[in-house]
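What follows is a short report on a single structure.
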Amino acid sequence: MMGQGGKMDTLSNSTTAAGTGATMQRTSEDPMPSTSDFVKKLYKMLEDPSFQSVVCWGPAGDCFVVKDMNEFTKSILPRMFKHSNFASFVRQLNKYDFHKVKNTDDNQFGEHSWTFRHPDFHAHRRDALENIKRKVPAARKSQQAAAAAAAAAQQTYPSRSGSPPHHTHPHHSSSSLPYPPPQLGSLSSSSLSPLSSLASLQLPPGIQPHTPAHTTLLSQEIVRSKEEILRLRDEVIRTTTELARVKEEVMRASGELVRANNEIVRARDEVGRVRDEGEEMRGRIRSLERNYESVLVEMVGFQRGMAQQDGLMQSLIGYFLGSEGGE
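Numbering (this note's numbering), first residue to last: 533 to 859.
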């Protein structure tokens, strides 16, 4: 017996040592606290200096900022989170209780940036990451609330057809119940609010108000309404993302139009300058033409004078030759 006990102790010590070694190995490989992979990837993304131009910590380190949503969706999301859906990324943040911070007029990152904050998500507080937990789904919360309400209703009304507890005054009306009866049919069925169906909920046959079955029915309707709200919120996020992208495209196109207009103005100024230079050149040409005409007239007069001088010289030469022959 003692031998078997010694073997058991040795095996237990070996198992403990192996477990301790494995834990130390995991700790050395992954220094991040015990938290979800999404939170770890989010923190590592913000610690990567190559992403600083697109996504970074806020000035105080208590939030993070997506500066360029398009570049973030195109380059960083596929690399870090294996998808390229910004609305899905925002939805995942909401599941971990991150909240979008409204941009202010003095926002240094621009009006198109997205800022998110969590009370336990800080640049120099890795130890606080383990406090960031995924929120309990709405359906599970509703089921828990329905179970609690059903238990409370069961204690208040032991059976559907039974009478109220003996301490209840016999003349008490339904207005003294813990919950007043719903005013069914008081709201329009065309109401746009997802929760309006709760007020106009028609009870199926056999289900009485303020019973476990009634509570379960209300809980199911609440779950459906919350799912509809989540779907509408996702649609709003997608629409906001698309509007931001379209706005950036419009601003880019406006910039191109401004540059094109500036080029047109420069070209118009250049054409005007060339036109002015052409007018100046034409004026100079007309002046040269007038000078040429006057020079031409002077040359014609000079040729005539030369012709007269030639005639006079020939006459003199003939006269001298004739005089010498007579002698």
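Cβ atoms here follow ideal geometry from the backbone N, Cα and C, with glycine treated the same way.
Starting from residue 611 and walking both ways along the alpha helix (DSSP H), at which residues does that stretch end? Against the sequence shown, residue 611 aligns to sequence position 79. Residue 611 -> alpha helix (DSSP H) spans 609 to 613.
Span separating the alpha-carbon of residue 626 from that of residue 656: Residue mapping note: residue 626 aligns to position 94 of the sequence shown, counting from 1. Residue mapping note: residue 656 aligns to position 124 of the sequence shown, counting from 1. Distance between the alpha carbons of residue 626 and residue 656: 22 Å.
Hey, is the region 565 to 576 in contact with the region 598 to 610, meaning 3+ C-beta pairs nearer than 8 Å? no
Quick one: is residue 849 buried, meaning 16 or more other Cβ sit within 10 Å of its Cβ, or exposed? Translated into positions along the sequence shown, residue 849 becomes position 317. Counting Cβ neighbours within 10 Å, residue 849 comes out exposed, since fewer than 16 surround it.
Around the C-beta of residue 764, are 16 or more other C-beta atoms found within 10 angstroms, so that it is buried, or is it exposed? Along the sequence shown, read from residue 1 onward, the residue named residue 764 stands at position 232. By the neighbour-count rule (16 or more Cβ atoms within 10 Å), residue 764 is not buried but exposed.
Determine, using beta-carbon pairs with one atom in the region 812 to 827 and one in the region 648 to 664, whether at least three such pairs fall under 8 Å. no
What residues match up with residue 668 in a beta bridge as DSSP calls it? Position 136 of the sequence shown, counted from the first residue, corresponds to residue 668. None, per the DSSP bridge assignment.
Does the Cβ of residue 754 have 16 or more other Cβ atoms within 10 Å, making it buried, or fewer, making it exposed? Reading the sequence shown from its first residue, position 222 is the one you call residue 754. Label assigned to residue 754: buried.
Ends of the beta strand (DSSP E) at residue 649? The residue you call residue 649 lines up with position 117 of the sequence shown. First-last of the beta strand (DSSP E) with residue 649: 646 to 649.
Within 10 angstroms of its Cβ, does residue 664 collect 16 or more other Cβ (buried), or is it exposed? Indexing the sequence shown from 1 puts residue 664 at position 132. So residue 664 counts as buried.
Quick one: give me the first and last residue of the beta strand (DSSP E) that residue 596 is part of. Residue 596 sits at position 64 when you count from the first residue of the sequence shown. Taken as a continuous stretch (DSSP letters only), the beta strand (DSSP E) holding residue 596 covers 596 to 598.
Leaving out the 5 sequence neighbours to the left and right, which residues in its chain are closer than 6 Å to residue 587 when beta-carbon positions are compared? Taking the sequence shown and counting its residues from 1, one reaches residue 587 at position 55. Cβ within range, chain order: 598, 604.
Can you round the beta-carbon distance between residue 632 and residue 648 to whole angstroms, since I take them to be within the 8 Å contact cut? The residue you call residue 632 lines up with position 100 of the sequence shown. The residue you call residue 648 lines up with position 116 of the sequence shown. Contact flag correct, Cβ pair sits at about 6 Å.
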